[in-house]
Amino acid sequence: MTGELRIGLIGTGGMGGRHARNIHTKVGGARLTAVMDIDTDRAQKIAAPSGAAVFADGEALITSEEVDAVIIASPDPTHASLAVICLEQRKPALVEKPLATQLDDAAAIVEHEASLGQRLLQVGLMRHYDPQHVAVKDALDAGAVGRPLMFRGWHRNPPEATRPTSAEILINSAVHDIYSARWLLGQEVAEIYVQGTTIDPKRTDQLDLQLVSMAMNGGALAIIEVNKDSGFGYEVGVEVTGSKGIVSTPPHHSPIIRYDGEMRQKVEPDWLQRFAIAYIREVQAWTTAVAARRAKGPSAWDGYLTLAAALAGAESIERGAPVEVEIPDQPGLYT
Ligand code: ISE
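Those letters in the sequence shown? Residues 1374 to 1708, by the working numbering.
Listed below in structure tokens is the structure:
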């Protein structure tokens, strides 16, 4: 591919808006040429700095000759059908997580992509690009703590205007931590059990704090605390216990201040701040890989497996018991 990669963006909310800003100002070799959102005023504003065309329809954007590659950052339930159009058009796409909200849709996407024999999709499981997570992965790969035995993750969110259901929390939030556990341990989720608690006992389908316990297929264990409303800000970290030691992400990016009899450290308010660098690195890595026609990074297969575990987790809440996660044969494309 010669010249700049021409990117079409579908969805201009918090995440889409951030990707657009990064492409305008921080990512080299790429330019935003098309934008689509049902909120056309917002789309116009996002498109303006690069003079991108504004589309009223996702399919029209994907099929546009002015678009080489697509970012799908629209609401979760729309991801799967838009990803399918990208595959039909053979257009590379960065699909925000979750890849789909229904497992059958995710399976169909994996099957479709595998049948093309070409990786076109990357899924926005962006912990993969966070310098803190990468440092933990590098330490594990270097054998710094021996054989990984257990993953522990914490994922404390700020409150949202609309309270999600327990299943939505698993599908939208916990997929990140499920990905981190698989990636860092190098094992798949074999069984999952989710327990939770709520501040309002009447809202039994809206667990505020979930404790996700997983048995991995290589014998390691994993636990994740997912808090939908921490009450103090946003915090994500991981710790892996190995046979010879423990490696973990440091607490926060900001300085620790000791003053007036107190020791304080600022907590980031949300993921856009906590993962600011990861989002730039993610889109830069994606555009570079697309331009070189060598897709890397979290794949549709990762999207499928993280969703399978999240949905099994939701089922385990219903059943009050652990649920096995079926791991299908991995298509050769993803090995
Ligand atoms: C959000 O959509 C994200 O992707 C954030 O990384 C995650 O921490 C948050 O829980 C999600 O709602």
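Beta carbons: idealized from backbone N, C-alpha and C, even for Gly. What you are looking at is a predicted structure, and each value in this text was computed from that prediction instead of being measured.
Q: Tell me, please, which residues DSSP counts as bridged to Q1495.
A: Q1495 is bridged to L1467.
Q) Nearest-angstrom Cα distance between I1362 and G1526? A) A question about residue 1362 goes unanswered here, because the residues of the chain that appear run from 1374 up to 1708.
Q | I1690 burial status per 10 Å Cβ neighbour count (16 or more: buried) | A | Buried.
Q) Which whole-angstrom value is the C-beta distance of G1424 and I1383, which I expect to be below 8 Å? A) Actually they are not in contact, since the Cβ atoms of G1424 and I1383 sit about 18 Å apart, beyond 8 Å.
(Q) At a cut-off of 6 Å, would you count S1447 as near the ligand ISE, judging by its Cβ distance to the nearest heavy atom? (A) no
**Q.** Segment contact, 8 Å Cβ cut-off, at least three pairs: the region 1535-1544 with the region 1595-1604
**A.** Touching, per the Cβ criterion.
**Q.** CB of T1614 within 7 Å of CB of L1522, strictly
**A.** Pairing T1614 with L1522 gives a Cβ-Cβ distance under 7 Å.
Q | beta strand (DSSP E) segment containing T1577, residue limits | A | Where T1577 is concerned, there is no enclosing beta strand (DSSP E), given that its DSSP letter is neither H nor E.
Q: Determine the burial state of A1694: buried for a count of at least 16 other Cβ atoms within 10 Å of its Cβ, exposed for fewer.
A: Burial call: exposed.
Q | Option in K1464, D1503, G1610 with minimal Cα separation from L1494 | A | K1464
Q: Starting from S1672, follow its DSSP beta bridges and name the residues at the other end.
A: In the DSSP secondary-structure assignment, S1672 is not bridged to any residue.
Q | For E1699, the three-state DSSP class (helix, strand or coil) | A | coil
(Q) Helix, strand or coil, according to DSSP, for E1377 in the structure here? (A) coil
Q. For I1596, which residues of its own chain have a beta-carbon under 8 Å away from its beta-carbon, when the five flanking residues on both sides are left out?
A. M1523, F1524, R1525, G1526, L1584, V1585, S1586, M1587
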